[in-house]
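Trainee: Next up is a structure, given as structure tokens.
Number of protein chains: 2
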Amino acid sequence: MELWFTEKQTEHFGITARIKRTLHTEQTPFQKLDMVETEQFGNMLILDGMVMTTQKDEFVYHEMVAHVPLFTHPNPENVLVVGGGDGGVIREVLKHPSVKKATLVEIDGKVIECSKKYLPEIAGKLDDPRVEVKVDDGFMHIAKSENEYDVIMVDSTEPVGPAVNLFTKGFYAGIAKALKEDGIFVAQTDNPWFKADLIRKVYRDVREIFPITRLYTANIPTYPSGLWTFTIGSKKYDPLAVSDDRFHDIETKYYTKELHKACFVLPKFVADLLK
Amino acid sequence: MELWFTEKQTEHFGITARIKRTLHTEQTPFQKLDMVETEQFGNMLILDGMVMTTQKDEFVYHEMVAHVPLFTHPNPENVLVVGGGDGGVIREVLKHPSVKKATLVEIDGKVIECSKKYLPEIAGKLDDPRVEVKVDDGFMHIAKSENEYDVIMVDSTEPVGPAVNLFTKGFYAGIAKALKEDGIFVAQTDNPWFKADLIRKVYRDVREIFPITRLYTANIPTYPSGLWTFTIGSKKYDPLAVSDDRFHDIETKYYTKELHKACFVLPKFVADLLK
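Protein chains in written order, with my numbering: chain A, 1 to 275; chain B, 276 to 550.
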């Protein structure tokens, strides 16, 4: 018997991956959670039928969410990750020696639990003494925070299910309030091939709140279209104006200081979405 | 009944696309040729079970094959396309007013015929008076040519079936001979996620023959991993040294003069392949 997992990334298109075995399957209070072992990409975390991360390509997403804002901010000390229960963004955040505290607010504790068990090289840093893990609603956490964080990363699922609030203008306003006066945030904002309207809307919303708003991309083979976008809102620091001496050596597989700037150079049809 | 076409891009991973209908299917002397109408990407040309091009995303590949070398060469007049029977690269080549002659050498006449019928917006420029279409073996055409072309583009299928000769060092040596003394060539060289060894081998082979060798990437959602590479070999002109006044306006949806340079900034794991 051959087992294949197919994600319909749109109504009409998807990816399919051969499965060695199902490691875990559960309906949590928030979503359907599956962990499978694939032949191509190693263990794969799936939420509500959508690939969240895999052992083989997770480094792209996690590095690109973390290092672009963290190298843009001159001295990030207090960092918040909203979502990201697999722990991959936290792992990257901790590579920056300036960071004194990294808080993870994940709504679904089962994601954390299951990632620790089946994705240990991703989730392993969640027990670091600099990390505080809160199982809580990220939207509410942001609403209650004020002038607290240097950098906030929104590592959410798609804007369906538990993450729907995390793509609203009210949420971005809350983030601005939760950030210090020179704070910066980044959010994953899906792909330009199938979700052009979402990217356009988020970009416009963020631009009304943050003086510096920019979009960058990365290639993630298990995500729809393979081309992922991230939207940055910054109160003071421009990711394109980072001077070369700001970069220090960290171990990466995707991010480089050259890519830090090149990833903002957009294909024309993507740049056109932002006009 | 739902019809889905699935391409196994590796033994363990693939894409799947909902099909409205099959437009054409045929075993040519060289390969299996299918043309289907998909819901997501419009008409799709499939050779030996592999997606070659689709109406919705073809612009990425065709623009990036053509414009990077053509804007690198200061005065491309005589251009050769090896393969590329769908006509997309030729269409882009003709956007450069310096081009006096563009020759297409495609081994399989059925690809041309079927593309003209079902992909007219891609193949439509094959009847332009500046274009000469030869149904012939590209390897042999190169072997017989000497000091003739300013720019050569190798728009081949994967290195299985009819294209296997087009990934050999002997072929690249033939290309060097077929080019003028300041000529430049580009070849599609697959993706770094599943075909790292191929990219490494081609890069090393080309570097032994051409003084300037560079790799660049583009995002193509219907190609394996979504991240495609192109390898350039150049006798004189460096694509990274093109001065800004060289670029003239052409209509594109992906390529921009900023991307001309940014597309050479590689993710670390890709750059590491070339060391």
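Idealized CB from N, CA, C, for every residue including glycine.
1. Among A:A66, A:H260, A:E148, which one has its Cα closest to the Cα of N78 (chain A)?
2. Going by DSSP, what residue range makes up the beta strand (DSSP E) through V343 (chain B)?
3. So who's on the other strand from L473 (chain B), going by DSSP bridges?
4. At which residues does the alpha helix (DSSP H) containing A448 (chain B) begin and terminate?
5. Around the Cβ of H67 (chain A), are there at least 16 other Cβ atoms within 10 angstroms (buried) or fewer (exposed)?
6. Just to confirm, are I450 (chain B) and F460 (chain B) a CB contact at a threshold of 9 angstroms?
7. Closer than 7 angstroms by C-beta to K373 (chain B): which residues in its own chain qualify, once you throw out the five before and the five after it? Chain order, please.
8. Is Y529 (chain B) close to chain A? Criterion is C-beta to C-beta, closer than 9 angstroms.
9. Using the C-alpha atoms, what's the distance from K455 (chain B) back to V206 (chain A)?
10. Using the Cα positions of D108 (chain A) and D519 (chain B), report the straight-line distance between them to the nearest angstrom.
11. What residue from B:F414, B:K419, B:S420 has the CA that sits closest to K444 (chain B)'s CA?
12. So what's S509 (chain B) in DSSP terms, helix, strand or just coil?
13. Exposed or buried, what is R214 (chain A) when buried is set at 16 or more other beta-carbons lying within 10 Å of its beta-carbon?
14. Counting only the same chain and skipping the five closest in sequence on each side, list residues whose C-beta sits under 6 angstroms from that of P69 (chain A).
15. Output, in sequence order along the chain, the residues in the region 55-78 of chain A whose CB is closer than 7 angstroms to any CB in chain B.
16. How many angstroms separate the CA atom of T28 (chain A) from the CA atom of K110 (chain A)?
17. Please indicate yes or no: does the CB of A163 (chain A) lie closer than 8 angstroms to some heavy atom of the ligand ATP?
18. First and last residue of the beta strand (DSSP E) that includes I107 (chain A)?
19. If you draw a straight line from the alpha carbon of E132 (chain A) to that of L259 (chain A), how long is it in whole angstroms?
20. How would you label D402 (chain B), buried or exposed, when you count the other beta carbons within 10 angstroms and need 16 or more for buried?
21. Would you mind reading off the limits of the beta strand (DSSP E) that contains K283 (chain B)?
22. Considering only the beta carbon of each residue, do Q315 (chain B) and T54 (chain A) sit closer than 9 angstroms?
23. Which stretch, first to last residue, makes up the beta strand (DSSP E) that contains R489 (chain B)?
24. Within the continuous alpha helix (DSSP H) that includes G301 (chain A), where are the two ends?
25. Say whether chain B places a C-beta atom closer than 9 angstroms to the C-beta of L94 (chain A).
26. Output needed for K275 (chain A): all residues of its chain with C-beta closer than 8 angstroms, excluding positions within five of it in sequence on either side, in chain order.
27. Could you check whether the region 91-105 of chain A touches the region 18-33 of chain A, counting it as contact only if at least three pairs of C-beta atoms, one from each stretch, sit closer than 8 angstroms?
28. Taking the alpha carbon of A537 (chain B) as the point to measure from, which residue in A:T217, A:Y223, A:S225 has its own alpha carbon closest?
29. Under the rule that 16 or more other beta-carbon atoms within 10 Å means buried, what is R91 (chain A), buried or exposed?
30. Exposed or buried, what is M50 (chain A) when buried is set at 16 or more other beta-carbons lying within 10 Å of its beta-carbon?
31. Given a limit of 7 angstroms on CB to CB distance, which residues of the region 221-243 of chain A reach chain B?
Mentor: According to the data block:
1. A:E148
2. No beta strand (DSSP E) holds V343 (chain B); the alpha helix (DSSP H) holding it covers 333-347.
3. According to DSSP, which records beta bridges pairwise, L473 (chain B) is partnered with nothing at all.
4. 444-453
5. buried
6. yes
7. According to the sequence shown, residue 373 (chain B) is Ser rather than Lys. Around S373 (chain B): N350, P351, E352.
8. yes
9. 51 angstroms
10. 51 angstroms
11. B:F414
12. strand
13. buried
14. V151, I184, V186
15. none
16. 7 angstroms
17. Inclusion of the ligand ATP in the displayed structure is not the case, the ligand content being empty and no account of it being possible.
18. Here I107 (chain A) belongs to no beta strand (DSSP E), and DSSP marks it neither H nor E.
19. 30 angstroms
20. exposed
21. 279-283
22. no
23. 487-494
24. Residue numbering for chain A in the displayed model covers 1 to 275; residue 301 (chain A) lies beyond these limits and cannot be assessed.
25. no
26. none
27. no
28. A:T217
29. buried
30. buried
31. P221, S225, G226, L227
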